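Residue numbers (my numbering): 3 to 307.
This is the structure we're talking about:
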């Protein structure tokens with residue numbers, strides 16, 4: 003990625019992140035919706051703490067830019083992107099719990115269970131997951147009903163037992179019984195990759211694009227997801243707390259199975275190069291319209307936090 007491409011990507015990421023931040027604040031205010039009875043303030047404060055605490059908003063960016071390939075990055079895409087970020091942030095809140103990774107810091111701030119308490123953190127995560135599906139089902143997400151249904155199904159599959167939650171289960175099991183390479187790839191494709199894959203596929207669904215476009219964007223998302231996890235595992239070994247905004251070195255200390263632990267850092271960096279190349283090639287049919295998505299793939303592989 004050239005310097006100009008990097009600057010263009012970083013500027014676009016900031017613009018998208020600001021739009022998502024505004025949308026999330028609206029979704030997490032205290033006003034009740036039709037059918038709701040009340041929104042307890044402590045619960046809402048915990049939800050806001052877990053969501054409105056910075057972060058690059060990469061997954062929402064991928065939703066918006068994938069939709070932009072088909073000129074569909076409007077208000078509906080923004081709401082879908084915000085819904086996905088709610089799922090992602092719920093997963094972080096639960097992942098930080100004492101019964102999971104037991105982390106005190108997230109994005110440089112106290113985790114939700116530290117800022118509030120464990121029970122409130124669990125409930126905040128539950129509520130964020132539910133809110134995501136509320137947003138997608140709501141007619142305010144102004145898409146044809148069949149597209150909203152397709153998004154609901156795709157996100158449920160990406161987030162549930164066969165996706166992210168199942169991957170977290172495999173990750174916990176891997177601390178006791180370390181899997182081989184195939185098992186690690188499956189674990190990571192579920193725990194980390196599934197939501198990133200959905201983020202890219204969602205743009206095609208939002209736009210009502212052809213099935214082959216949806217498949218191509220999903221494959222792109224799979225490559226980006228694996229690159230993201232490889233880069234994350236490298237950073238866990240090489241970065242410090244000030245860079246990451248959370249504890250580092252915990253995977254190695256816990257004996258967690260990672261591809262970096264299995265093959266070493268040089269192998270991982272070579273794999274990252276190959277994954278970026280694969281991701282870029284998948285986007286070739288879209289020409290210059292895919293420039294920012296290509297830059298996102300390069301950014302994921304080269305990130306330092």
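Ideal placement from N, C-alpha and C gives every residue a C-beta, glycine not left out. Remember, it's a predicted structure, so these values are computed and weren't measured experimentally.
Length of the line joining the Cα atoms of residue 89 and residue 182 = 29 Å
Buried or exposed by the 16-neighbour rule on C-beta atoms within 10 Å, applied to residue 33 | exposed
What is the rounded straight-line gap between the Cα of residue 106 and the Cα of residue 19?
-> 25 Å
Could you check what DSSP says for residue 15 in three-state terms: helix, strand or coil?
-> helix
Spatial distance of residue 10 from residue 138 (CA atoms) = 30 Å
Please specify which runs of the alpha helix (DSSP H), each continuous and at least 4 residues long, are wholly inside the region 52–116, giving them in chain order.
-> 60–70 and 77–97
Just how far apart, CA to CA, sit residue 232 and residue 43?
-> 39 Å
Looking at the unbroken alpha helix (DSSP H) that takes in residue 166, where does it start and where does it end?
-> 166–176
Anyone know if the C-beta pair for residue 155 and residue 135 falls short of 8 Å?
-> no
Limits of the unbroken alpha helix (DSSP H) element including residue 298 = 293–304
By a C-beta neighbour count over all protein chains shown, 10 Å radius and 16 as the cutoff for buried, is residue 113 buried or exposed?
-> buried
CA-CA distance, residue 327 and residue 297?
-> Only positions 3 to 307 of the chain appear in this structure, which leaves residue 327 out of reach.
Per-residue burial, residue 6 [other beta carbons within 10 Å of its own, 16 or more giving buried] | exposed
Let me know the secondary structure DSSP gives residue 222 once reduced to three states.
-> helix
Buried versus exposed, by CB contacts within 10 Å (16 or more), residue 245 = Note that residue 245 has pLDDT 49, beneath the 50 cutoff, so the model's placement of it is unreliable and no number is given.
Roughly how many angstroms lie between the CA atoms of residue 186 and residue 218, to the nearest whole one?
-> 24 Å
Can you have a look at residue 266 and say buried or exposed, based on whether 16 or more other CB atoms are within 10 angstroms of its CB?
-> exposed
Per-residue DSSP class, three states only, for residue 33 = coil
Can you list, in chain order, the residues of its chain whose CB lies under 6 Å from that of residue 229, leaving out five sequence neighbours each side?
-> 274, 277, 302 and 303
Through-space distance from residue 69 to residue 160, alpha-carbon basis | 18 Å
Is the region 60–68 close to the region 141–148, with three or more CB pairs under 8 Å?
-> no
Flag this pair as yes or no: are the beta carbons of residue 236 and residue 184 separated by less than 8 Å?
-> no
Could you give the DSSP three-state label for residue 234: helix, strand or coil?
-> helix
Helix, strand or coil: how does DSSP classify residue 3 here?
-> coil
Pair within 8 Å by beta-carbon distance, residue 87 and residue 59 = yes
Cα-Cα separation between residue 292 and residue 281, rounded to whole angstroms = 11 Å
When burial is assigned at 16 or more other CB atoms within 10 Å of the CB, is residue 39 buried or exposed?
-> exposed
What do you reckon, are the CB atoms on residue 259 and residue 196 nearer than 8 Å?
-> no
Inter-residue Cα distance where the pair is residue 225 and residue 261 | 15 Å
Just how far apart, CA to CA, sit residue 124 and residue 116?
-> 12 Å
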